[in-house]
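Asks: My questions will all concern the structure given below.
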Amino acid sequence: MGLRVLLVLGVLGAAVVVGLLWRSRNGRFVAAGGGAGVADRLTAADLGAPLGFAATFLQLSSEACAPCRSTAAVLGALAGERAGLAHVEVRAEDRLDLVRRFDVLRTPTVLVLDGAGAVRGRLSGATTREQAVEALGALDRCPTAA
1 MGLRVLLVLG VLGAAVVVGL LWRSRNGRFV AAGGGAGVAD RLTAADLGAP
51 LGFAATFLQL SSEACAPCRS TAAVLGALAG ERAGLAHVEV RAEDRLDLVR
101 RFDVLRTPTV LVLDGAGAVR GRLSGATTRE QAVEALGALD RCPTAA
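The opening position of the sequence shown corresponds to residue 1 in my numbering, with each subsequent residue numbered one higher.
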């Protein structure tokens with residue numbers, strides 16, 4: 001009996017740790033490593049929508065994703081308030097080329113593009129307004145294309 005209780009407590013403890021780690025990563029901006037190469041650059045033709053002249057949030061979403069809807073609302077409102085900022089939402093299931101190219105493992109994933117279309121970083125999971133604004137501010141600190 002004592003061993004079963006310890007096993008249940010161990011599994012419960014592991015689940016709590018994994019849940020806290022997962023939650024801490026939601027919406028966190030991660031800069032693209034090593035500068036953006038040609039393969040990490042997107043154009044308006046790639047997306048089927050115009051890029052912002054300052055920055056673009058490219059959101060990869062799925063139909064049955066509640067965090068995708070809240071993230072789209074946050075990013076859409078922010079793009080509406082700031083000149084030169086665009087928000088483009090695409091369905092991941094319709095754009096598997098982008099999913100594979102940028103190793104998207106969950107939705108929503110937001111690629112943060114600079115004015116030239118270079119991928120400068122990403123946000124994964126539900127994103128708040130504060131996290132999106134922080135990602136825009138981080139564009140100045142991210143490595144640029146050579």
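Positions of the beta carbon are idealized from the N, C-alpha and C atoms, including for glycine.
If you compare alpha carbons, which of 100, 17, 122, 11 is closest to residue 56?
Replies: As a position in the sequence shown, residue 56 is number 56, starting the count at 1. Nearest of 100, 17, 122, 11 to residue 56, Cα basis: 122.
Asks: How many Å lie between residue 17 and residue 6 at the Cα?
Replies: Position 17 of the sequence shown, counted from the start, is the residue given in the question as residue 17. Position 6 of the sequence shown, counted from the start, is the residue given in the question as residue 6. Going by the C-alpha atoms only, they are around 16 Å apart.
Asks: Rounding to the nearest angstrom, what Cα-Cα distance links residue 11 and residue 138 in this structure?
Replies: As a first step, residue 11 must be located in the sequence shown, where it is residue number 11. As a first step, residue 138 must be located in the sequence shown, where it is residue number 138. So the two alpha carbons sit approximately 38 Å from each other.
Asks: Taking residue 125 and residue 106 to be in contact with their CB atoms under 8 Å, please state how far apart those CB atoms are, rounded to whole angstroms.
Replies: Here residue 125 refers to the residue found at position 125 when the sequence shown is read from its first residue. Here residue 106 refers to the residue found at position 106 when the sequence shown is read from its first residue. With 8 Å as the limit, residue 125 and residue 106 qualify as a contact, their Cβ atoms being about 7 Å apart.
Asks: Residue 59 and residue 43: beta carbons closer than 8 Å?
Replies: Position 59 of the sequence shown, counted from the start, is the residue given in the question as residue 59. Position 43 of the sequence shown, counted from the start, is the residue given in the question as residue 43. Not a contact, by the Cβ cut-off of 8 Å.
Asks: Between which two residues does the alpha helix (DSSP H) harbouring residue 155 extend?
Replies: Because the chain spans 1 through 146 in this model, residue 155 falls outside it and cannot be assessed.
Asks: First and last residue of the beta strand (DSSP E) that includes residue 41?
Replies: Locating residue 41 in the sequence shown gives position 41, counting from the first residue. Note, residue 41: premise wrong, no beta strand (DSSP E); not H, not E.
Asks: If contacts are defined as beta-carbon pairs under 8 Å, then residue 132 and residue 74 qualify, I think. What distance do you get, rounded to the angstrom?
Replies: Taking the sequence shown and counting its residues from 1, the one referred to as residue 132 is at position 132. Taking the sequence shown and counting its residues from 1, the one referred to as residue 74 is at position 74. Confirmed, about 6 Å.
Asks: Quick test of your reading: residue 156 and residue 85, contact by CB under 8 Å. State the CB separation rounded to the nearest angstrom.
Replies: With the chain covering 1 to 146 only, the question about residue 156 has no answer from this structure.
Asks: Quick one: what's got a C-beta closer than 7 Å to residue 15's C-beta in the same chain, skipping five residues either side?
Replies: Taking the first residue of the sequence shown as position 1, residue 15 is located at position 15. Within the same chain, residue 15 has no close Cβ partners at all.
Asks: Residue range of the beta strand (DSSP E) that residue 56 falls in?
Replies: Indexing the sequence shown from 1 puts residue 56 at position 56. First-last of the beta strand (DSSP E) with residue 56: 55–61.
Asks: Going by beta carbon distance, what residues of the same chain come within less than 7 Å of residue 54, once the five residues before and after it are set aside?
Replies: Taking the first residue of the sequence shown as position 1, residue 54 is located at position 54. Here the set comprises 84, 85, 115.
Asks: What are the boundary residues of the beta strand (DSSP E) that includes residue 122?
Replies: For this step, residue 122 is matched to residue 122 along the sequence shown. Element bounds for residue 122: 119–124.
Asks: Taking its Cβ as the centre, do 16 or more other Cβ atoms sit within 10 Å of residue 108, making it buried, or is it exposed?
Replies: Position 108 of the sequence shown, counted from the first residue, corresponds to residue 108. Counting Cβ neighbours within 10 Å, residue 108 comes out buried, since at least 16 surround it.
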